[in-house]
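Read through the structure below, which is laid out as structure tokens, and then see the notes.
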Amino acid sequence: MDCCKLQLCVLSKIGSLLCKLNVAGKNIVTIAEACLPYLQSKQPKITQSAAFQTFEDLARIDPDAIWWYINQTYSQSPIMSPSDTFKEIHFPFAKVANFEIELNL
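In the numbering used here, the protein residues as written are 7 to 111.
The structure is reproduced here in structure tokens:
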């Protein structure tokens, strides 16, 4: 039970801490990847809520990076450019998750 309290404490504080430290770039995606499993439906509601809050905090820092990460992680098809002048962008840090996300909020 103590490990759950520790996880909840970290999830509850890390987003605001990163906002204050002005963390950006690859580090945002790394934190998002680490928080993603806590959104699983098997997690307690309070843990899911804290993870969701962390994603909201990360989106305040770099909304585009979080949007791309979530899109690359869960989208079945890549986003195509409206013009041939733009090349497709690949994000090496994004992975396809093997679990279903269901918020119990």
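All residues carry an ideal CB built from backbone N, CA and C; glycine is no exception.
In this structure, Thr60 is the residue among Val29, Thr60, Lys32 and Asp70 with its C-alpha nearest to the C-alpha of Gln13. Considering only Lys11, Val29, Gln49 and Val16, the residue with the shortest C-alpha distance to Ile67 is Val29. According to the DSSP assignment, Ser18 belongs to the alpha helix (DSSP H) that extends over Asp8 to Leu27.
Between the C-alpha atoms of Thr36 and Ser18 there is a straight-line separation of about 17 Å. If you look at Asp70, you'll find it in the alpha helix (DSSP H) that goes Pro69 to Tyr80. Note on Leu27: under 16 other CB atoms within 10 angstroms of its CB, so exposed under the neighbour-count rule.
Comparing C-alpha distances from Leu23 to each of Tyr44, Asp63, Thr53 and Ile72 shows the shortest one belongs to Asp63. For Lys32, the enclosing alpha helix (DSSP H) covers residues Lys32 to Cys41.
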